[in-house]
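Going by my numbering, the final residue of the sequence shown carries number 546, and the count climbs one at a time with no gaps. We treat Cβ as the ideally placed atom computed from N, Cα and C, and that holds for glycine. Owing to the predicted nature of the structure, the values given are computational and were not obtained by experimental measurement. Written out below as structure tokens is the structure these notes cover.
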Amino acid sequence: MIAQFTVAGDGLAYDICIVGGGTVGLAIAAALENAKLRVCVLEAGGRWQTKRSQELYHGIVADPLVHPPVQNFRIRALGGSSRAWGGRCVPFDSIDFQKREWVCNSGWPITYETLLPYYRRAHEVIEVGSYDYDPTSALPGSRVELFEGVDGDLFRTRLERFSRPTNVWKRLSGLLRTSRHIHIWLNAAATGIRLAPNGRCVHHIDCVDLKGTKREVTACHYIVAAGGFETTRLLLASNDVMPAGIGNARDQLGRFYMAHLGGTVGALKLPNAQQAVAFGYERDAAGIYCRRRLSLTERAQREHCLLNQIFRTHLPDPADPSHNDPILSAMYLVKRTFLPKHLRGRLQHSMTLDEKLAHVQNVVSSPVRLGRFGLRWMANRTFARRKLPSIVLGPRANVVNLEFHSEQEPNPASRLTLVSERDRLGMPKLRVDWKTTSNDLQSIARAYRLLGWKLEKIGATISGFEPGHVIEMADKSGAMDGHHLGTTRMSASPTDGVVDAECRVHGLMNLHIAGGSVLATSSQANPTLTILALGLRLADRLRR
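Quick look at the structure:
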């Protein structure tokens, strides 16, 4: 059942109450459907995103030069960020869960093997095919290595897989709409988690509807799955019984905020045109788009004290018209003109008249090539059910640009806090103070040095790999948009985290967290697949 919260009435009581109707909240609800439990999902938004609802996400960023506005890449509507994500799926590596002496505050109370069966189930939910990230078995008969001759003790080529991308509400709506056991309440904004006087369990959730009517929702178990920022904000603001906020007895709530570091840095030139680079997308036997990435081996990370990091081939900077490519210039001009401001990212820098004219000259220089590309793009992206994930162009003059994507070290000084200013629902706004460590930047530079050594061994000429340049560019790149991790981190003890190995808040019998905020480390991987696997594992535990 799905309905507006304005018609809910009073006396709302359930077995399980889920706060948040995004990717993981809806997946948990669907996983519980045949358990014959009464479940409700409190979705703060409606069926579609609205400007008025999005305003409730606004907050303060300590340094806007390195972190986007608080409301960016968040959607307050049914389906959450799955309505707009890119679909990239990659599991964490085994080493990500381990205690690493060279990575401060690393280590999980669970292992990769714990999550493996749930990774496989998560694949089914977001339609990403078989659980196979090895190019040898996933793409039989195709070349294995990203760069021939580089794989070995230090690097190995792995795959990233791409969802349709799946809108989780569309995927699960048939089941959830018709369920007799699940109620989805729209525009039901949770404003407080109210504990019993002894502080050992949740008594109810305070919730407000579009008309401002406040209601209490009670349940045996509660799951907060409102996204990394909003989950943390709700716990911090629920301070009537625990003055520092729920789960914050040891001052851990809101700390260890991680995103990812990433950007386009460095290039290589191969000695001859016959040296192939597997830069593009390929489809596996089930039609799933896959792409190669170059990963650091566990041995490389241990021997060289590196954070987890990967490399991908990438386009030249579209904003620089000296690339002389009509497709890149057209892409840049279209994005700069038509994309919503929060999606433009680095495209927002000022463009001179000469640069604009140079881009136009690139566009008109090859209308036939541009037209053919446009037709292919519409066929494979615009009108396709399973969409080509992005534009990929072959190397020009044998020059290949590189992109990195790196783990961030858990840092207690990188944190979310509340400010005195409140939104129209009376909730204090969030302040984001994202910080990097020296280890974050130095690790990226060392990884580039290792890769440069390997590339030169196969005869490539490298540029932009100098440590000082890499550190400068990585520092400027700022926080990767949309990855809000670590602020209710999983730990064996409340002294260094907020939730236990079962995603239950330390010291509380019936409050659980699902989402990126429980990740103890961030890995090199995009987080959606791991977040979903953890949520499905939590659903299994609550079924019992």
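A distance below 6 Å between beta-carbons, with the five flanking residues on each side excluded, links residue 316 to the following residues of its chain, in chain order: 266, 403 and 405. With contacts defined by Cβ atoms closer than 8 Å, residue 68 and residue 434 do not form a contacting pair. One thing to note: residue 260 has its Cβ within 8 Å of the Cβ of residue 524. Within 10 angstroms of the beta-carbon of residue 410 lie 16 or more other beta-carbons, which makes it buried. Less than 8 Å divides the Cβ of residue 364 from the Cβ of residue 331.
Contact between residue 77 and residue 51 holds: CB atoms are separated by about 5 Å, below the 8 Å threshold. With distances taken between CA atoms, residue 93 lies nearest to 123 out of 123, 145 and 218. Scanning the region 256-340 for uninterrupted alpha helix (DSSP H) segments of 4 residues or longer gives 300-305 and 328-340, listed from N- to C-terminal end. Considering only 327, 103, 99 and 532, the residue with the shortest C-alpha distance to residue 113 is 99. In this structure, residue 209 and residue 418 do not form a Cβ contact; the two beta carbons are roughly 22 Å apart against a cut-off of 8 Å.
Within the region 80-119, no run of beta strand (DSSP E) at least 3 residues long lies entirely inside it. For residue 194, DSSP records a beta bridge to 208. Nearest neighbour of residue 217 by Cα position, chosen from 544, 227, 206 and 87, turns out to be 206. Burial check for residue 442: the Cβ neighbour count within 10 Å reaches 16 or more, so the residue is buried. Burial state of residue 157 is buried, judged by a 10 Å Cβ sphere holding 16 or more other Cβ atoms. Under the DSSP definition of a beta bridge, residue 48 partners with 79. With a cutoff of 8 Å on beta-carbon distance, residue 509 and residue 251 are scored as near each other. By alpha-carbon distance to residue 274, the top candidate from 369, 187, 462 and 228 is 462. Between the region 218-233 and the region 511-526, the count of C-beta pairs closer than 8 Å reaches three or more; the two stretches touch. Sixteen is the threshold: when 16 or more other Cβ atoms of the shown chains lie within 10 Å of the Cβ of residue 19, as they do, the residue is buried. The region 184-204 makes contact with the region 500-515: 3 or more CB pairs, one atom from each, lie closer than 8 Å. With a cutoff of 8 Å on beta-carbon distance, residue 429 and residue 193 are scored as near each other. Just so you know, the alpha carbons of residue 163 and residue 527 end up roughly 11 Å apart.
The way I'd put it, the region 287-298 does touch the region 382-399; three or more beta-carbon pairs between them come closer than 8 Å. Measuring C-alpha to C-alpha distances from residue 486 to each of 543, 256 and 372 identifies 256 as the nearest. If you draw a straight line from the Cα of residue 311 to the Cα of residue 169, it comes to about 28 Å. Residue 128 and residue 356 have their C-alpha atoms some 45 Å from each other. With at least 16 other beta carbons inside 10 angstroms of its own, residue 490 counts as buried. Residue 479 sits close to residue 263, with the two beta carbons spaced by under 8 Å. 8 Å or more divides the Cβ of residue 32 from the Cβ of residue 238. Residue 40 and residue 28 have their alpha carbons spaced roughly 14 Å apart. Only buried fits residue 189, as 16 or more other CB atoms lie within 10 angstroms of its CB. Residue 280 is positioned such that its CB atom lies no closer than 8 Å to that of residue 21. Around the beta carbon of residue 456, 16 or more other beta carbons lie within 10 angstroms, which makes this residue buried. Leaving aside the five residues that flank residue 117 on each side, the residues in its chain whose CB is nearer than 6 Å to its CB run, in chain order, 535.
Burial is judged here by how many other beta carbons sit within 10 angstroms of a residue's own beta carbon; residue 369 has fewer than 16 and is exposed.
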